[in-house]
Amino acid sequence: MGLLSTGTSLTWEEIEKWSEYVKEHGILQFINIYNSLKGRENDLLKYGDEVEYCMIYLDHINKCAKLDLRACEALEILQENELNNQKYLDSLWRMEYSSYMIEGTPGKPFCCTISRLKLIETSMWLRKQELDEVLNKIDSNLIFVCYSAFPRVGCSNFTNPEIDLSLTDNSISKSTYFPDSAIFLDHPRFANLTRNIRSRLGHKQKIYVPVWFDINTPNPFLESIPTHADLQTRQAII
């Protein structure tokens, strides 16, 4: 994702100095590009898709599933042909925000013909097959799932390997429930993105999720505060 692959991205304090300049010149750039291209006609429409896959570790002994934090290892294998400049690849693979996520796209855009529409499902199937083969090479207990959010994110021991948040400072996100190691730290963009959001706000993000009550939910429901939670988190929960 993005063009940044090496080096260090700017902090929010450094970005803030240039924000008005970027806004002004971004608008000018858009106007100039629009004026230079507004007369173009009959361009061939091309399109594609992207699918995000979550890596899951199946712990058959303890009968549980956890998010697996080895996306970087899987990407090294998936991107090998691309990095060796091999042409006509069926799929392209990219990192995502989390170290348990991988993004897959077609090897090249589709064209706007009816016959090409039939290739979309085939491309998705090929990506699933390719990813499944790679995950099996890494660990036979690995599978992948495509969904918005893993049900146990934020609960204790929801990652593989397990991360004890009480023993980490979580200096990037300052999260009480989500470990920094679950962020894809092998790309410089994601850690700074997380820091800068917090710096721009001036505090940690406050995200509240409604409690879904069923017959097993205590009523009134009292949120348990982790022993390692900082004062800001404790005040937010209370």
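Mapped onto the UniProt record's numbering, the consecutive letters of the sequence shown carry residue numbers 1 to 238. Glycine residues also receive a C-beta, built at the ideal position from the N, C-alpha and C atoms. These numbers were taken from a predicted model, which means no experiment stands behind them.
In the DSSP assignment, what are the bridge partners of residue i?
i: residue 143; result: 56
i: residue 160; result: 68
i: residue 111; result: 46
i: residue 98; result: 183
i: residue 153; result: Per DSSP, none; premise fails for residue 153.
i: residue 51; result: 104
Rounded to a whole number of angstroms, what is the C-alpha to C-alpha distance between residue i and residue j?
i: residue 12; j: residue 194; result: 10 angstroms
i: residue 180; j: residue 111; result: 40 angstroms
i: residue 164; j: residue 157; result: 7 angstroms
i: residue 1; j: residue 218; result: In this predicted model, residue 1 has a pLDDT of only 42, less than 50, meaning its place in the structure is not dependable enough to derive any value.
i: residue 9; j: residue 85; result: 27 angstroms
i: residue 32; j: residue 38; result: 10 angstroms
i: residue 246; j: residue 108; result: Past the boundaries of the shown model lies residue 246; the chain is included only from 1 to 238, so the question cannot be answered.
i: residue 216; j: residue 153; result: 20 angstroms
i: residue 178; j: residue 29; result: 39 angstroms
i: residue 102; j: residue 94; result: 6 angstroms
i: residue 18; j: residue 27; result: 14 angstroms
i: residue 227; j: residue 182; result: 21 angstroms
i: residue 199; j: residue 146; result: 31 angstroms
i: residue 98; j: residue 148; result: 12 angstroms
i: residue 106; j: residue 135; result: 19 angstroms
i: residue 36; j: residue 43; result: 15 angstroms
In the DSSP assignment, find the alpha helix (DSSP H) that holds residue i and state where it starts and stops.
i: residue 27; result: 19-37
i: residue 83; result: 80-83
Tell me which residue opens and which closes the beta strand (DSSP E) that residue i is part of.
i: residue 188; result: From DSSP, residue 188 is part of no beta strand (DSSP E) but of the alpha helix (DSSP H) over 188-201.
i: residue 102; result: 101-106
i: residue 131; result: That residue, residue 131, is in no beta strand (DSSP E); its alpha helix (DSSP H) goes 114-138.
i: residue 239; result: A question about residue 239 goes unanswered here, because the residues of the chain that appear run from 1 up to 238.
i: residue 91; result: 91-95
For residue i and residue j, which I take to be in contact (beta-carbon distance under 8 angstroms), what is that distance rounded to the nearest angstrom?
i: residue 82; j: residue 89; result: 6 angstroms
i: residue 53; j: residue 144; result: 4 angstroms
i: residue 159; j: residue 69; result: 6 angstroms
i: residue 67; j: residue 56; result: 7 angstroms
i: residue 233; j: residue 168; result: That belief does not hold up - the Cβ atoms of residue 233 and residue 168 are roughly 15 angstroms apart, past 8 angstroms.
i: residue 104; j: residue 142; result: Not really, about 16 angstroms apart at Cβ, beyond 8 angstroms.
i: residue 96; j: residue 184; result: 6 angstroms
i: residue 73; j: residue 138; result: 6 angstroms
For the ligand COA, is there any heavy atom lying closer than 7 angstroms to the beta carbon of residue i?
i: residue 103; result: Looking for the ligand COA in the displayed structure turns up nothing, as the structure carries no ligands at all.
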